[in-house]
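Here my numbering = 1-based position in the sequence shown + 317.
The beta carbon of each residue, even a glycine, is placed where N, CA and C say it ideally should be.
Computed from a predicted structure; not experimentally measured.
Before any comments, here is the structure.
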Amino acid sequence: MPRDQATHQFCTNPPTPAPGAGQPNTSKSHARSIPSERNISTPIGDGDGVNAMMGAVEEERASQGFFGSSSAAGFMRQIRTAVDKRVSSPHQGSSKSHTVIPSSIIPKRSERPQSSFANYVLPPRKMADSLMQVYWDYVFPLYPFLIPAEMKEEYKKIWKGDSLEYDESMLMCTLNVIFALASQLADFMPPTERETSADVFFSRAKGLFQFNLWDTGSMGLIQCLLLMAQYLQSTDSAHQCWIVTGLAIRNAQSLGLHLPQTINRLETFRERQLACKIWHGCILMDRVISMTFGRPAMISKTSSGAVPLPAAVDEEYIPPGSNVEVSQPSNLPSIMAFFGKSLELYEIMNDILLNLYKPMTDEGSDDIHDFYFDNVASEGDRTIFELDRSLTRWTRSLPPHLHGNSPLLPDNPIFCRQSIVLRARFLHVRMLLFRPTLSKYCAIRDSSSADPFISMDHSFPHRVALQCSTICVKAAQESIELIYNNVPADGTGGPLPAWWYNILYVYTSATVLIAGRLCSAILAEVTEDSVTRSWHCALEILRKYESYSTSARRCVAALEILYEQVVSEGLPPPNQTPRPEVSVNSANAFNEMSFGEGMNAAFLDSFELPDFQDMSWLNSVPSNLF
318 MPRDQATHQF CTNPPTPAPG AGQPNTSKSH ARSIPSERNI STPIGDGDGV
368 NAMMGAVEEE RASQGFFGSS SAAGFMRQIR TAVDKRVSSP HQGSSKSHTV
418 IPSSIIPKRS ERPQSSFANY VLPPRKMADS LMQVYWDYVF PLYPFLIPAE
468 MKEEYKKIWK GDSLEYDESM LMCTLNVIFA LASQLADFMP PTERETSADV
518 FFSRAKGLFQ FNLWDTGSMG LIQCLLLMAQ YLQSTDSAHQ CWIVTGLAIR
568 NAQSLGLHLP QTINRLETFR ERQLACKIWH GCILMDRVIS MTFGRPAMIS
618 KTSSGAVPLP AAVDEEYIPP GSNVEVSQPS NLPSIMAFFG KSLELYEIMN
668 DILLNLYKPM TDEGSDDIHD FYFDNVASEG DRTIFELDRS LTRWTRSLPP
718 HLHGNSPLLP DNPIFCRQSI VLRARFLHVR MLLFRPTLSK YCAIRDSSSA
768 DPFISMDHSF PHRVALQCST ICVKAAQESI ELIYNNVPAD GTGGPLPAWW
818 YNILYVYTSA TVLIAGRLCS AILAEVTEDS VTRSWHCALE ILRKYESYST
868 SARRCVAALE ILYEQVVSEG LPPPNQTPRP EVSVNSANAF NEMSFGEGMN
918 AAFLDSFELP DFQDMSWLNS VPSNLF
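If you want it as structure tokens, here you go:
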């Protein structure tokens, strides 16, 4: 619906209670409710020009904080002017700062503002049902943070006006977050209307959200925070996404969910399973957000391994009050298997970030072995070869229905999507594994060697680095191909990850292609034609998402600028001697190609381009386009 209609329908309804929302319900379970708490008065989700998956996309502000190397900390600083001129942003120029917790003293409970009835207004039943179905079909199979049977029952009670088991304010807040998240993925809404609808629902959720620093949290609070963090990934609210994820983790730790003895003390298997899912949901979000921003993970490796993974058993096979551990029927694959395998993969990703994305000193090494592979790594560090072995073992451990070629897939859209999403995540992690080596390989332009007997091209570490770089480029091509082949022509989401993840994966892959284009030895392995095809597929994918998000438009602008500068380097085709006329002709030929918005030499001359002798821009995602 048009923006003004959506605003009228959801924001200006008369302040009458929705079904079941006449008065706050006082009947609640101690495991699911939270103490009476004060509403946060400062907005959580207001955009500050920082995209939650891609990082900073606007001019730098103090509230954005530090972004580390895996996030895109140093990426694209020198092309701020060009990108800002090409892609406008509604938040540009704003100086408003945002905080999650007010700096003033939190008032006593008796002084807290009461929720108005208007906050409990639900959307029309048909729309609410459709959005809930989107959540259960597309979000829950990947992020199983709720108990479906209980949530569905509470949802029905709201419309019937029956007494609720959950705390009413927290339940209504959680439902509105679900509606906001589902709006971003709903195929029945045009992409241009999804953000408006999602923002309305999330604004209502913020009004209902109750958090008090002085009170102990609850399972329901943590579930709501995890859902909020998921939603904020799709917005330009990176700082809020980071903070909300941290709040979820700290509240989970305050309940002792990071301790196996806490899990074991819970009475029923369903409660133990839920606690494991919530804690490992915190771990998953912590790993993803840390990778995106390049910041240290909050949960240590030791702590993440203390609590066992949730059992690979679906909720319908878990009796509500049983204390006995149950298992999935042997002839039925579990939807929960995907969650466990994702956690294992992201643990490997965390090891990659800890070992290969460490802060580097300015001092170079004369030893080429140390330069590429750091043979004097600290005790406990893992080499690239050990990390690759872990990834190989992980792929071999996948159950058949997650392989991508199982006979079950055509008949089960959930398994089909899980297998594609898991492969997309794997390819992204594999690029992260080999990208630092690719960066170093591209940085070495001088083929001379300090060794009088062995040339650089024939040295063992240099040859291994070439193969690692080639693998990285091929993984990037495969990632682009996977997404390109599964983007439905009708504009629906299809079996792919959420669109904000697709933007991240494609952008990361495209920067790897640009780096590969710098090296004739890599092009000799993968061919320039295949790199060019992958490049155009990447831009085509990103342009399909331009109506979804400003970040996609900025990524296209950034990639075009980088690509044209690489072409202007005048790299000759593989196995040919460079000549001045080849350099000029090559640059002119690519300058004449259509890149959508296009660039020209005069525009490129107006600012300082990245120094391609320094490949630090490669080890990043576009969090800093400033």
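Where P895 falls: helix, strand or coil (DSSP): On the sequence shown, position 578 is the one that residue 895 refers to. Note that P895 scores a pLDDT of 36, beneath 50, so its modelled location is shaky and nothing firm can be said.
Beta-carbon gap between I737 and N803 smaller than 8 Å: Against the sequence shown, residue 737 aligns to sequence position 420. Against the sequence shown, residue 803 aligns to sequence position 486. Cβ atoms of I737 and N803: closer than 8 Å.
Kindly give me the distance between the Cβ atoms of Q557 and F462, rounded to whole angstroms, as I take these residues to be in contact under 8 Å. The residue you call residue 557 lines up with position 240 of the sequence shown. The residue you call residue 462 lines up with position 145 of the sequence shown. In fact, because the Cβ distance is near 19 Å, the residues do not count as touching under 8 Å.
Are C872 and Y824 touching if we call contact CB-CB under 8 Å? Translated into the one-based positions of the sequence shown, residue 872 becomes position 555. Translated into the one-based positions of the sequence shown, residue 824 becomes position 507. Yes, the Cβ-Cβ distance between C872 and Y824 is below 8 Å.
Taking only three categories from DSSP, how would you classify S554? Position 237 of the sequence shown, counted from the first residue, corresponds to residue 554. Three-state result, S554: strand.
Identify, in the order they occur along the chain, each residue of the same chain with its Cβ nearer than 8 Å to the Cβ of L572, setting aside the five sequence neighbours on each side. As a position in the sequence shown, residue 572 is number 255, starting the count at 1. T533, G534, S535, M536, I539, T579, listed in sequence order.
Per-residue DSSP class, three states only, for Q501: The residue given as residue 501 occupies position 184 in the sequence shown. Residue state, collapsed to three classes: coil.
Whose C-alpha, out of M602, C490, V746, A497, is nearest the C-alpha of R567? Working through the sequence shown from its first residue, we reach residue 567 at position 250. That would be M602, whose Cα lies nearest to the Cα of R567.
Inter-residue Cα distance where the pair is Y880 and A555: As a first step, residue 880 must be located in the sequence shown, where it is residue number 563. As a first step, residue 555 must be located in the sequence shown, where it is residue number 238. Roughly 27 Å separates the two Cα atoms.
Quick check on G808: buried or exposed, where buried means 16 or more other Cβ atoms within 10 Å of its Cβ? Position 491 of the sequence shown, counted from the first residue, corresponds to residue 808. G808 is exposed by the Cβ-count criterion.
If contact is defined by three or more beta carbon pairs under 8 Å, each pair taking one atom from either stretch, is the segment 510-522 in contact with the segment 824-838? no
Give the secondary structure of Q527 by DSSP, where H, G and I count as helix, E and B as strand, and everything else as coil. The count along the sequence shown starts at 1 and reaches residue 527 at position 210. It is a strand residue.
Quick one, are the C-beta atoms of L859 and A869 less than 8 Å apart? Along the sequence shown, read from residue 1 onward, the residue named residue 859 stands at position 542. Along the sequence shown, read from residue 1 onward, the residue named residue 869 stands at position 552. Yes, the Cβ-Cβ distance between L859 and A869 is below 8 Å.
Taking all protein chains shown into account, do 16 or more other C-beta atoms lie within 10 angstroms of the C-beta of D728, making it buried, or fewer, making it exposed? Residue mapping note: residue 728 aligns to position 411 of the sequence shown, counting from 1. So D728 ends up on the exposed side.
Check whether the segment 784-792 touches the segment 466-476, counting contact only when three or more Cβ pairs, one atom from each stretch, lie closer than 8 Å. no
Same chain only: Cβ atoms within 7 Å of Q645, ignoring 5 sequence neighbours per side: Working through the sequence shown from its first residue, we reach residue 645 at position 328. Same-chain partners within the cutoff: A629, V630, D631, Y634, S651.
Beta-carbon contacts of R747 that lie in its chain and below 7 Å, excluding the five residues immediately before and after: As a first step, residue 747 is located in the sequence shown; it is residue number 430 there, counting from the start. Around R747: L708, A792.
At what residues does the alpha helix (DSSP H) containing M653 begin and finish? On the sequence shown, position 336 is the one that residue 653 refers to. First-last for M653: undefined, no H or E at that position.
Grouping DSSP H, G and I as helix and E and B as strand, with all else coil, what is S514? For this step, residue 514 is matched to residue 197 along the sequence shown. In the structure shown, S514 sits in a helix (DSSP, three-state: H, G or I).
In three-state DSSP terms, what is S607? Taking the sequence shown and counting its residues from 1, the one referred to as residue 607 is at position 290. The answer is helix: DSSP assigns S607 an H, G or I state.
Cα-Cα separation, M449 to N581: The residue given as residue 449 occupies position 132 in the sequence shown. The residue given as residue 581 occupies position 264 in the sequence shown. Cα-Cα distance, rounded: 32 Å.
So, using beta-carbon positions, are H745 and Y663 closer together than 8 Å? On the sequence shown, residue 745 is found 428 positions in, with the first residue counted as 1. On the sequence shown, residue 663 is found 346 positions in, with the first residue counted as 1. Their beta carbons are not under 8 Å apart, which means H745 does not touch Y663 by this criterion.
State yes or no: is the C-beta of T552 within less than 8 Å of the C-beta of I606? Counting from 1 along the sequence shown, the entry for residue 552 is found at position 235. Counting from 1 along the sequence shown, the entry for residue 606 is found at position 289. Not a contact, by the Cβ cut-off of 8 Å.
Please name the residue in H779, T509, D516 whose C-alpha comes closest to that of L498. By 1-based counting over the sequence shown, the position of residue 498 is 181. Among H779, T509, D516, the Cα nearest to that of L498 belongs to D516.
Cβ atoms of S866 and T509: under 8 Å apart, would you say? Along the sequence shown, read from residue 1 onward, the residue named residue 509 stands at position 192. Along the sequence shown, read from residue 1 onward, the residue named residue 866 stands at position 549. Their beta carbons are not under 8 Å apart, which means T509 does not touch S866 by this criterion.
Reduced DSSP secondary structure (H/G/I, E/B, other) of G563: The residue you call residue 563 lines up with position 246 of the sequence shown. If DSSP states are grouped into helix, strand and coil, G563 belongs with the helices.
Please specify which runs of the alpha helix (DSSP H), each continuous and at least 4 residues long, are wholly inside the segment 821-847, giving them in chain order. 837-843
Rounded straight-line distance, which links the Cα of V843 to that of S500: For the purposes of this step, residue 500 is taken as residue 183 along the sequence shown, with counting starting at 1. For the purposes of this step, residue 843 is taken as residue 526 along the sequence shown, with counting starting at 1. The straight-line gap from Cα to Cα measures roughly 40 Å.
What is the rounded straight-line gap between the Cα of R734 and the Cα of P812? To locate residue 734, count along the sequence shown from 1; it is residue 417. To locate residue 812, count along the sequence shown from 1; it is residue 495. Approximately 4 Å between the Cα atoms of the pair.
Collapsed DSSP secondary structure at T867 in the structure displayed: As a working mapping, residue 867 is identified with position 550 in the sequence shown. Helix, per DSSP.
Between which two residues does the alpha helix (DSSP H) holding F743 run? If you number the sequence shown from 1, residue 743 lands on position 426. Here the alpha helix (DSSP H) through F743 covers 730-760.
Run through DSSP, which three-state label would I665 get? In the sequence shown, counting from the first residue as 1, residue 665 sits at position 348. Helix, per DSSP.
Relative to the C-alpha of G622, which residue among S837, T700, A546, W596 is closest? Position 305 of the sequence shown, counted from the start, is the residue given in the question as residue 622. Nearest option by C-alpha distance: W596.
Going by other Cβ atoms of all chains shown within 10 Å of its Cβ, with 16 needed for buried, is R834 buried or exposed? As a first step, residue 834 is located in the sequence shown; it is residue number 517 there, counting from the start. Flag for R834 reads buried.
How many whole angstroms separate the CB atoms of V641 and H575, which I take to be in contact at a CB cut-off of 8 Å? If you number the sequence shown from 1, residue 641 lands on position 324. If you number the sequence shown from 1, residue 575 lands on position 258. Their Cβ separation, rounded to whole angstroms, is 25 Å, which puts V641 and H575 out of contact at 8 Å.
Following the continuous alpha helix (DSSP H) through R780, name the residue where it begins and the one where it ends. Position 463 of the sequence shown, counted from the first residue, corresponds to residue 780. From DSSP, the alpha helix (DSSP H) with R780 extends over 777-803.
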